[in-house]
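Encoded as structure tokens, the structure appears first; notes follow it.
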Amino acid sequence: MPLLDTPLELPAELRPRLGKARRAVAFTGAGISKESGLDTFRDVGGVWQQVRPEDMATLDAFRRRPAVVWSWYAERWGRASAVAPNPAHFALARWEEIFPYFTLVTQNVDGLHPRAGSRRLIELHGTLAWARCDFCGFRLPMGEAVAKSPDRPPVCDCGGLLRPAVVWFGETLPPGAMERATEEASLAEIFLSIGTSGNVYPAAGLIDVAHQCGACLIEINPEPTPFSRLAHLSLRAPAGEALPALTEAILACRPPNT
Ligand code: BJW
Ligand code: ZN
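In this text, residue positions in the sequence shown follow my numbering: the first is 9, and each later residue adds one.
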């Protein structure tokens, strides 16, 4: 039973803005990959109910128990590689063709956006697709690193250990990523937040930036979040249902080739 009326009826006061916007940003979290079969972090049964973040997602945890942390990420990488992008990922890949300026900012490390065809992408929390040396920064595709050494982190030529190229708690985001994302959020006419609890900073601060700079804020999430009260439109439905419907509704109020 779909949760949304389809075709989706956009509020009349938003239609002119959505119809002529040239700059859009989408900001995604783990919820967008739920319908692909991957767990979110903070929902019931989510990743942080299976392991404690301080035991798995910090540099300190990796240094204390490198084999445990490496094997856990090797398994997560295996699961992410085995599932497919869902209609929400594919809908966002189309947004690159709909808007003259579009940027996808994701907190996800699962690689499903690039696999769905998104190219204008900022991966704020890194990616599971690569391993990198904890000491010299040398990078190797995760598949090769896991094939070489599934149970413990491979040792780099420099003597350092390879780790997943994700951002753990207490670590800085990839160089320039937050700066570029903040710039895009500040210029966005439409800012679409999808499948994130908005709990993790500095990433979640982008929603405030976009709101303060005047973007039309749209949220897709079956549950309310701390940012719901700022949203001009809240679609309380799974992303795989809501995003294709929203995409068609926006296309319907845009003149061709804008
Ligand atoms: C659906 C759905 C469906 C379900 N459709 N939706 C300011 C205030 C407070 C704390 C801090 C602060 N600034 C920094 C901090 C500390 C910390 C932090 O934010 N902690 C908070 C948790 C309290 N931040 C950091 O440590 C960051 N680094 C940093 O700040 O460095 C500064 C520094 C300065 C000087 C020196 C050194 C450092 C780094 C954060 C890294 C986060 N990493 C993780 C793990 C990645 C690796 C891995 O995967 O293991 O990233 S944590 C985890 O959370 C992951 C995610 O990207 C991130 C966000 O989670 P997300 O995507 O929002 O998922 P959920 O589960 O929370 O929400 C899912 C949502 O989907 C829910 O709302 C559902 O309802 C919804 N949903 N089904 C649509 N079908
Ligand atoms: Zn090295």
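Note that CB positions come from ideal geometry on N, CA and C, so glycine has one too.
Item, Value
"With residue 96 and residue 253 assumed to form a contact (beta carbons below 8 Å), what rounded beta-carbon distance in angstroms separates them?", "Contact flag wrong, Cβ pair sits at about 10 Å."
"What's the C-alpha gap between residue 71 and residue 143?", "12 Å"
"Find out if the Cβ-Cβ distance for the pair residue 33, residue 111 is shorter than 8 Å.", "yes"
"Hey, how far is the Cα of residue 158 from the Cα of residue 137?", "15 Å"
"Near ligand 2, which residues have their beta-carbon less than 5 Å from any of its heavy atoms, given in chain order?", "141, 143, 144, 146, 164, 166, 168"
"Between which two residues does the alpha helix (DSSP H) holding residue 79 run?", "74–90"
"What is the DSSP secondary structure of residue 176, counted as helix, strand or coil?", "coil"
"Pick out whichever of 60, 100, 205 has its Cα sitting closest to the Cα of residue 233.", "205"
"Going by alpha carbons, who is nearest to residue 98 out of 82, 119, 81?", "119"
"Could you name the residues of the same chain whose beta carbon sits closer than 7 Å to that of residue 41, not counting the 5 residues immediately before and after it, in chain order?", "116, 118, 120"
"State buried or exposed for residue 183, treating a residue as buried only when at least 16 other CB atoms are found within 10 Å of its CB.", "exposed"
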